[in-house]
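Undergrad: In our numbering, the protein residues as written are 288 to 403.
#1: Below 8 Å on the Cβ atoms is my guess for residue 348 versus residue 330; work out the distance and round it to an integer in Å.
#2: Going straight from the alpha carbon of residue 356 to that of residue 303, what length do you get?
#3: Have a look at 379, 364 and 340 and flag the residue whose alpha-carbon is nearest the alpha-carbon of residue 351.
#4: Would the region 358-369 and the region 380-388 be scored as touching if the rule is three or more Cβ pairs under 8 Å?
#5: Let's see if you can read the secondary structure: which residues bound the alpha helix (DSSP H) around residue 351?
#6: Please classify residue 364: is it buried, with 16 or more other beta-carbons within 10 angstroms of its beta-carbon, or exposed?
#7: Could you give the distance in angstroms between the alpha-carbon of residue 336 and the alpha-carbon of residue 397?
#8: The ligand ADP and residue 346: does any heavy atom of the ligand fall closer than 8 Å to the residue's C-beta?
#9: Excluding five sequence neighbours on each side, which residues of the same chain lie with their C-beta closer than 6 Å to the C-beta of residue 315?
#10: Return the CA-CA distance between residue 323 and residue 301, expressed in angstroms with no decimal places.
#11: Locate the alpha helix (DSSP H) running through residue 379, then write down its first and last residues.
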């Protein structure tokens, strides 16, 4: 199995395990959450290494990580590779966007900002 396929399966499986055990076994859910958070932090570090402004690395990695999880979920549910291309498009967007655009998109203006 390729590293990419292993990551797709293990990351999604950890997410499912965390969701399914949140009420039944908070300890297992917390461990899964810790692993997923460590992966997200690695993503934030990679963004920093690509010269993304430090204050934007966490919000961008949160958005990218949840986008990846959503794409993997949709891929598994619909058995359609097209959802995985959304991951590639998201990465292209981050690398092509100007620093000003990234700051405008990923900086919270107000902590009480309406999310929906």
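Here a beta-carbon is modelled for each residue, glycine too, at the ideal position from N, C-alpha and C. Note that this is a predicted model, so its numbers are computed, not measured.
TA: This is what the structure gives:
#1: 4 Å
#2: 10 Å
#3: 379
#4: no
#5: 341-365
#6: exposed
#7: 28 Å
#8: Absence of the ligand ADP from the depicted structure is noted, as is the absence of any ligand whatsoever, leaving it without description.
#9: 308
#10: 8 Å
#11: 369-383
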